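Those letters in the sequence shown? Residues 17 to 427, by my numbering.
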Amino acid sequence: MAPSTTTQKPPLKSTLPPLLLGTATFNTQYVPDPHSLPYRSIVARAISLGVRGFDTSPYYGPSEILLGDALNALFTSESDPLPREDVFIVTKAGRIAGDEFDYSPAWVRYSIYRSLQRLHTDYLDLVYMHDVEFVSPAEVLGAVKELRRLRDEEGVIKHVGISGFPVKVLAELAEMILRETGEPLDAVLSYGHFTVQNRLLGEESVLKRFKKAGVEVILNASMLGMGLLTQKGIPPNPESKESPLVKWHPSPPELRIACKKLGELAAAKGERLESVAIRWALEEWARVGAEAGVGVDAGPGSLLKVGATVCGVSSIPELEETVTEWNGVLEGLEKLATAEKKEGRAYGSERQEKVLNLVEDQMWPALGDWADFAWASPGEGYVNTRRPEDKGQVPDDGVIAAHEERVRNRK
């Protein structure tokens with residue numbers, strides 16, 4: 017297990033990598049057999065390409081276990097061991113299954129101890145309460161307080177945040193947490209709300225609320241709308257067997273059809289919808305997040321600020337494509353930062369200009385009323401299947417005992 021560090025905690029915006037590898041794809045929701053993925057190779061290749069951040073959750077099936085195995089192989093390499101402080105590990109707590117949530121202090125504590133063991137580390141760089149819109153504000157507040165207690169008293173967490181889908185709910189909870197505790201959240205993870213199809217996270221009024229609530233960093237995730245913005249798309253027929261996404265993806269059939277048309281527009285320009293959607297979201301959020309004051313350093317010692325993004329991949333070619341686009345984004349933004357200011361719109365590269373023109377002139381008009389559409393979360397009829405009497409009940413699986421043993425051995 018990688019040892020912890022004892023240096024004073026620097027600001028999150030100076031330590032959080034601008035691009036993180038999201039491992040929700042290491043899960044049966046995206047692939048039939050996650051264990052068959054070349055997950056060790058994906059993680060090793062990410063690090064070799066300069067991607068130092070990794071985002072996971074116990075809700076993502078075997079994701080934490082697979083990511084932990086891949087990282088541990090690098091931590092314990094005999095030829096070239098990876099220092100723990102060279103990577104930034106993010107996980108979540110509170111969501112157990114699709115409709116099952118437990119935000120009680122006892123469960124949060126158990127979940128963190130289990131994540132530490134799965135990820136082969138003594139500390140977690142950032143922990144979110146997962147999908148906060150599914151529980152009450154009081155439950156969110158209590159869970160955040162427990163994460164902060166684990167941070168302050170046990171030192172197993174460095175930064176605390178929340179994640180979820182509806183951006184206005186996230187803003188309301190960020191405001192509430194500051195009001196009730198006097199301490200702002202370190203980070204908020206928003207997913208599916210800054211894409212070619214849905215740009216609601218980028219609204220000035222929303223970003224101002226987060227900034228006023230003291231949130232240091234906002235991260236954008238699910239640039240492809242959880243598989244919606246791909247050349248293959250998601251079949252509108254709920255009985256289709258073509259994709260595992262059909263069974264669980266919350267998008268209505270009409271939105272799936274509308275997004276399929278975007279793939280046709282991309283193909284007519286010699287592009288893949290994935291490439292266009294990734295480039296647009298990476299570059300635009302890098303700019304918008306930085307301008308809103310919720311970005312991070314573009315790199316160690318860099319003066320350039322950018323909005324941070326979590327990208328999900330399930331293969332090395334997908335990873336390499338995303339990193340190539342990201343490097344192009346950084347090159348363009350650095351060029352703009354040093355260029356002489358001129359009237360009119362400025363583009364950092366020909367690639368950016370092509371993508372922006374395609375998205376704004378053709379894709380947004382084609383979406384019509386489906387532009388900026390966001391499905392309800394939770395959906396109609398949602399009920400937390402975790403019974404009140406079961407909240408705080410943790411498995412007797414040795415996780416807590418093993419954690420206590422490790423703590424004793426470190427003393």
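Cβ coordinates follow ideal geometry from the N, Cα and C atoms, glycine included.
On a predicted model such as this, the values are computed, not experimentally measured, just so you know.
Per-residue DSSP class, three states only, for residue i
i, result
"R422", "helix"
"V292", "helix"
"K108", "strand"
"D413", "coil"
"V16", "Coverage of the chain is limited to positions 17 through 427, which leaves residue 16 absent and any answer about it impossible."
"V176", "strand"
"T23", "In this predicted model, T23 has a pLDDT of only 48, less than 50, meaning its place in the structure is not dependable; the value taken from the coordinates is given anyway. The answer is coil: DSSP assigns T23 none of H, G, I, E or B."
"E149", "helix"
"D388", "coil"
"Q213", "coil"
"V399", "coil"
"Q45", "coil"
"T92", "coil"
"D202", "coil"
Beta-carbon gap between residue i and residue j smaller than 7 Å
i, j, result
"V143", "T197", "no"
"K321", "D118", "no"
"A283", "F226", "no"
"A302", "V345", "yes"
"G323", "G305", "yes"
"E232", "L28", "yes"
"P252", "P266", "no"
"A297", "F210", "yes"
"L65", "V339", "yes"
"Q247", "L289", "yes"
"A293", "M242", "no"
"R111", "V415", "no"
"A229", "P200", "yes"
"N43", "S79", "yes"
"Q368", "G348", "yes"
According to DSSP, residues forming a beta bridge with residue i
i, result
"A237", "Y207 and V326"
"A113", "E116"
"L36", "G69 and V326"
"K321", "D313"
"L142", "V106"
Query raised in the report: Are the segment 132-140 and the segment 81-88 touching by the rule of at least three beta carbon pairs closer than 8 Å?
Result: Yes: the two stretches touch, three or more of their Cβ pairs being nearer than 8 Å.
Query raised in the report: Would you call the segment 179-193 and the segment 146-164 touching, i.e. three or more CB-CB distances under 8 Å?
Result: Proximity of the segment 179-193 to the segment 146-164 meets the contact definition, three or more beta-carbon pairs being nearer than 8 Å.
**Report entry** Sequence ranges, beta strand (DSSP E) only - wholly within the segment 216-291, length at least 3
**Finding:** 233-237, all fully within the segment 216-291.
**Report entry** Cβ contact check for the segment 90-99 and the segment 379-393: 3 or more pairs under 8 Å
**Finding:** No, the segment 90-99 is not in contact with the segment 379-393.
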